[in-house]
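Notes to accompany the following structure.
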Amino acid sequence: MAKVSLSDMAALIKNYWAPLDLFQVNNVKIRLVKIKGKYHWHKHNDEDELFIVLKGKLTIHFKNGNVVLHENEGYVVSKGTEHQTEAKHETLVMLVEPETIVTPGN
């Protein structure tokens, strides 16, 4: 496998909320996604989900509060936790999640 430029991969992403799979490590996918606006409230019953902000700012809303992530910060949303992600401006996020999580886009 060849090395991957995150900048080059980010340039390929044309739609918000449509993750690009970069790598698969065992049953885990490393994905790159551009986010802008709000995603719907949802939860993953059986999977944890790691968000790492590469560029911009991401807010993860929970029923009992929010977590705000800036560049080079990350947060794990535990399985079974209802959440909603939001970015007021275009934000580039790396997702680390089981291959069973499918995000078709907004």
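In case it helps, the working numbering puts the sequence shown at residues 3 to 108. Ideal Cβ positions, reconstructed from N, Cα and C, are used throughout, including at glycine. Quick caveat: nothing in here was measured; it's all calculated off a predicted structure.
Assignment of beta-bridge partners to Y77 by DSSP yields F53. 7 Å or more divides the Cβ of V95 from the Cβ of E75.
Relative to L60, the option among K40, N66, H44 whose CA is nearest is K40. Taking 7 Å as the cut-off, the beta carbon of L52 is found closer than this to the beta carbon of V78. In its own chain, leaving out the 5 sequence neighbours on each side, no residue places its CB closer than 6 Å to the CB of D10. With fewer than 16 other beta carbons inside 10 angstroms of its own, A4 counts as exposed. DSSP places A13 in the helix class (H, G or I) of the three-state scheme.
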